[in-house]
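Each step along the sequence shown adds one to the number in our numbering, with nothing skipped, and position 5 is 8.
Every residue, glycine too, gets a C-beta built ideally from N, C-alpha and C.
Keep in mind the model is a prediction, meaning the values are calculated, not measured.
Reading through the structure tokens given below for one structure.
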Amino acid sequence: AIGVSSFTASHLQQLIEDGIDVLPMVNQIEVHPLYQPKETIDFCRKHGIVVEAYSPLGGGSASNAARASEGELDGTRLLLRHPSVQKVSEETGKTTAQVLLRWALQQDFMVIPRSSKPAR
């Protein structure tokens with residue numbers, strides 16, 4: 004089995020058009036409530052490719068939000084402080100991180116959270 008990282012739907016389509024013998028089993032992409040590349044997710048699901056959410060907590064300073072704002076925004080802070088996420092956190096008694104991980108699992112994404120803190 005093979006996996007790919009950050010492939011868009013067009014990248015994956017190109018593999019098919021080039022006559023690849025084995026489609027990737029996994030596509031590791033940034034996915035969280037504030038960034039959902041629908042075309043890529045739909046393509047993966049249609050072709051049986053698992054979507055692995057490598058930044059389910061927002062991607063931090065390397066997120067798409069940060070790139071789009073030229074570093075002014077931090078995807079993780081945006082998500083962890085988002086009013087909707089905080090509301091669900093309070094209602095369920097779970098941390099905001101737990102709420103975000105649960106959301107990703109409920110979307111049928113494979114979740115690989117990471118932390119910059121060794122204690123986590």
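Which residue marks the beginning of the alpha helix (DSSP H) containing residue i, and which one marks its end?
i, result
"Val91", "86-95"
"Val34", "Note, Val34: premise wrong, no alpha helix (DSSP H); not H, not E."
"Val54", "Run containing Val54: none in the alpha helix (DSSP H); it sits in the beta strand (DSSP E), 53-56."
"Ser13", "12-20"
Taking the beta carbon of residue i as the centre, do at least 16 other beta carbons fall within 10 Å, making it buried, or is it exposed?
i, result
"Asp45", "exposed"
"Pro121", "exposed"
"Pro86", "exposed"
"Thr95", "exposed"
"Gly78", "buried"
"Ala4", "exposed"
Leaving aside the five residues before and after residue i along the sequence, list all residues of the same chain whose C-beta is less than 8 Å from its C-beta, in chain order.
i, result
"Leu104", "Pro59, Leu60, Val114, Pro116"
"Ala107", "Val34, His35, Ala56, Pro59, Val114"
State yes or no: is the beta carbon of residue i nearer than 9 Å to at least one beta carbon in chain E?
i, result
"Glu33", "Among the protein chains of the structure shown there is no chain E, as only one such chain exists."
Where residue i and residue j are concerned, what is the direct C-alpha to C-alpha distance, given to the nearest angstrom?
i, j, result
"Gln110", "Asp21", "30 Å"
"Leu15", "Lys97", "37 Å"
"Cys47", "Ile19", "12 Å"
"Tyr38", "Ser92", "20 Å"
If you drop the 5 nearest sequence neighbours on each side, which residues of the same chain put their C-beta closer than 6 Å to that of residue i?
i, result
"Val29", "Gly6, Val53, Glu55"
Take residue i and list the residues in its own chain whose beta-carbon comes closer than 7 Å to its own, dropping the five residues that flank it on each side.
i, result
"Val88", "Leu82, Thr99, Val102, Leu103"
"Ala12", "Glu42, Thr43, Phe46"
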